[in-house]
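Enquirer: So that we are looking at the same thing, I have put the structure below in structure tokens.
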Amino acid sequence: MGERILDLGSSLGELPLPEAVGPCALSIVITTIAVRTAVTLPSYIWARRRIARHRDYVIPEIVAWRKPFAKQLAARAKTQPNPKEWFEAEFKTAAIAERKKLLKQHHCQPLYTSLLPPLILIPTIIITSLAIRSICVIPSTPLALELNLFSAAPLAIPDPTGVWPLLVGGMALVNVELGRKMAKMRAGEVKESDWARREALRKEQEEDAVGLGLGPRRAKATTISGGGGTLVQTPKGWKVQPSVSKPSPVVQQQEEQRDTVMDKLKVDTPVADPGVSRFQKVLEQVGRGGSVLMIGVSMIVPGALTLCWVTSSCFSITQTLISRWFDQRFPPKRPTQRISSKA
């Protein structure tokens, strides 16, 4: 790979390039982008497809499963000595088990989705760096005659100004923070697809409306209280709705205690797998520490390597921003059929 970088630099040297852009530096940038596109971009697209299946299939099924199961569990919890604690423990255990089952069924386990891209990226960067390092130490290398951008030092020696080492650490830290935000969607801990939240809210409103006898939508009514009932004006005319007597304080307190187990249920907060959450937090801390460590390493390596690392970080940030823009520009729609088997 090192010889091909030099050959590409020699070919680019015949082109009318700007004075600030050296042919070898441009060759390193092009090679880094080409390697990232050919090796790491497919794994990134693979991970994004798994994320999409998680968002569009797993989370909606969890949302649809939660309330019916919680109602059944709440009925059983009323017979327990500590209904609230028993309900929370049983519901959390069942929700995690249901989530694992759906993740395996749709082939989108967050652990594998988060782990595979770094396992491909890190060896790729190491191999590319070793190839660039090899052409920096050969005698009469053209990198010794070409100055690095924003620095007066040649590409074959470390940057004495510290500009490029700071760029390496800063770009790596930005990349880690962007990855942290994407990790929330990968694990499915907080964020759901918009249509799933709207669908759950719509079903809940319809159930409440049907329970009141108003149909799919709530009817605006004018009420007049008095006697043994309430006179309600509906679009079809006036109807008498019998008044419900207020329960005694003791009965009301008992009902509140029975229904306490349902208060913790929130449709828009899926239960996360604690193991996945801990693994992602460890990756985030390692990434932050590695970003600081890269500043010190970049101070002692040739400038050509720092140019490669900055280019690689820019590539990662760009693909992350493009994926975010794509999600906002083309939001997910409700799936019409389930996935049978996909890798």
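Numbered according to numbering that gives the first Met the number 0, the sequence shown spans residues 0 to 342. Yeah, the Cβ is synthetic: ideal placement off N, Cα and C, and Gly gets one too. A quick note: this is a predicted structure, and the numbers were derived from the prediction, not measured.
Buried or exposed, going by whether 16 or more other CB atoms sit within 10 Å of the CB of Leu-25?
Expert: Buried is the call here.
Enquirer: Are Gly-8 and Asn-147 close, meaning C-beta to C-beta below 8 Å?
Expert: In this structure, Asn-147 does not lie closer than 8 Å to Gly-8 by Cβ.
Enquirer: By DSSP, does Pro-157 sit in helix, in strand, or in coil?
Expert: Three-state DSSP puts Pro-157 in coil, outside helix and strand.
Enquirer: Let's see if you can read the secondary structure: which residues bound the alpha helix (DSSP H) around Ser-322?
Expert: Start and end: 302 to 328.
Enquirer: Identify, in the order they occur along the chain, each residue of the same chain with its Cβ nearer than 7 Å to the Cβ of Ser-224, setting aside the five sequence neighbours on each side.
Expert: The predicted position of Ser-224 is uncertain, since its pLDDT is 45 and thus under 50; no value can be drawn from it.
Enquirer: Need the endpoints of the alpha helix (DSSP H) that Lys-77 sits in, please.
Expert: Careful: Lys-77 lies outside any alpha helix (DSSP H) and carries neither H nor E.
Enquirer: Would you mind working out which of Arg-179, Trp-163, Thr-317 sits nearest Ile-294, comparing C-alpha positions?
Expert: Nearest option by C-alpha distance: Trp-163.
Enquirer: When the distance is taken between beta carbons, is Ser-297 closer than 8 Å to Thr-305?
Expert: Yes, they are a contact pair.
Enquirer: So, under 8 Å CB-CB, Leu-115 and Gln-318 are touching, yes? Tell me the CB distance rounded to an integer number of Å.
Expert: Incorrect: roughly 15 Å between the Cβ atoms, too far for contact.
Enquirer: Could you give the first and the last residue of the continuous alpha helix (DSSP H) run that contains Asp-55?
Expert: Looking at the DSSP string, Asp-55 is not in any alpha helix (DSSP H), and its letter there is neither H nor E.
Enquirer: Looking only at C-alpha atoms, which of Thr-112, Leu-118, Glu-176 sits nearest to Arg-48?
Expert: Answer by Cα proximity: Thr-112.
Enquirer: Run the CB neighbour count on Met-0, radius 10 Å, all protein chains shown included, and call it buried at 16 or more, exposed below.
Expert: Exposed, since its Cβ has fewer than 16 Cβ neighbours within 10 Å.
Enquirer: So Glu-87 and Ile-61 are in contact, right, with Cβ under 8 Å, and what is the actual spacing, rounded?
Expert: The pair is not a contact, with the Cβ atoms about 17 Å apart (cut-off 8 Å).
Enquirer: Since Ala-25 is in the alpha helix (DSSP H), which residue starts that stretch and which ends it?
Expert: Looking at the sequence shown, residue 25 is not Ala but Leu. Per DSSP, Leu-25 belongs to the alpha helix (DSSP H) from 22 to 34.
Enquirer: Would a C-beta distance cut-off of 8 Å place Leu-172 and Ser-290 closer than the cut-off?
Expert: Yes, the Cβ-Cβ distance between Leu-172 and Ser-290 is below 8 Å.
Enquirer: If you draw a straight line from the alpha carbon of Val-281 to that of His-53, how long is it in whole angstroms?
Expert: Distance between the alpha carbons of Val-281 and His-53 is about 22 Å.
Enquirer: Kindly list the residues whose CB is nearer than 7 Å to the CB of Tyr-43, restricted to its own chain and excluding five residues on each side of it in sequence; keep chain order.
Expert: Pro-116, Gln-318, listed in sequence order.
Enquirer: Below 7 Å CB to CB, which residues in the same chain sit around Phe-90 once its five sequence neighbours on both sides are set aside?
Expert: Ala-69, Leu-72, listed in sequence order.
Enquirer: Pick helix, strand or coil for Leu-148, following the three-state DSSP scheme.
Expert: DSSP places Leu-148 in coil when its eight states are reduced to three.
Enquirer: Please name the residue in Leu-144, Gly-286, Ala-94 whose C-alpha comes closest to that of Met-170.
Expert: Nearest option by C-alpha distance: Gly-286.
Enquirer: What do you reckon, are the CB atoms on Pro-153 and Leu-166 nearer than 8 Å?
Expert: No, they are not a contact pair.
Enquirer: What number of angstroms, rounded off, separates the C-alpha of Val-175 from the C-alpha of Gln-108?
Expert: Each residue's alpha carbon lies about 21 Å from the other.
Enquirer: In whole angstroms, give me the CA-to-CA distance for Thr-6 and Cys-313.
Expert: Note that residue 6 is Asp in the sequence shown here, rather than Thr. Answer to the nearest angstrom: the Cα atoms are 24 Å apart.
Enquirer: Does DSSP put Arg-298 in a helix, a strand or coil?
Expert: According to the sequence displayed, residue 298 carries Met and not Arg. Correct three-state label for Met-298: coil.
Enquirer: Specify the secondary structure class of Gln-284 as computed by DSSP and reduced to three states.
Expert: Of the three classes helix, strand and coil, the one that applies to Gln-284 here is helix, per DSSP.
Enquirer: Over the uninterrupted alpha helix (DSSP H) stretch that includes Ser-10, give me the two end residues.
Expert: Unbroken alpha helix (DSSP H) run through Ser-10: 1 to 12.
Enquirer: Can you give the beta carbon distance from Cys-307 to Ile-126, rounded, assuming they're within the 8 Å contact cut?
Expert: Not confirmed; about 11 Å, so no contact.
Enquirer: My output table needs one value for Leu-177: the three-state DSSP class, helix, strand or coil.
Expert: Helix.
Enquirer: Let me make sure I understand the geometry here. Which of Lys-100, Ala-51, Ala-33, Gly-12 has the alpha-carbon closest to that of Phe-325?
Expert: Out of Lys-100, Ala-51, Ala-33, Gly-12, Ala-51 has the C-alpha closest to the C-alpha of Phe-325.
Enquirer: Span of the alpha helix (DSSP H) holding Cys-135?
Expert: Residues 109 to 135.
Enquirer: Going by beta-carbon coordinates alone, are Ile-4 and Ile-131 separated by less than 8 Å?
Expert: Yes; because the gap between Cβ atoms is below 8 Å, this pair is in contact.
Enquirer: Taking C-beta to C-beta, are Ile-299 and Pro-159 nearer than 8 Å?
Expert: Going by C-beta atoms, Ile-299 is not nearer than 8 Å to Pro-159.
Enquirer: Contact check, Tyr-56 vs His-105 under 8 Å by CB: the rounded distance?
Expert: The pair is a contact, with the Cβ atoms about 5 Å apart (cut-off 8 Å).
Enquirer: Count the other C-beta atoms from every protein chain shown that fall within 10 angstroms of the C-beta of Leu-292, then say buried if there are 16 or more, exposed otherwise.
Expert: Leu-292 comes out exposed.
Enquirer: Which residue from Glu-145, Leu-120, Ala-155 puts its Cα closest to that of Ser-133?
Expert: Checking every option, the nearest Cα to that of Ser-133 belongs to Ala-155.
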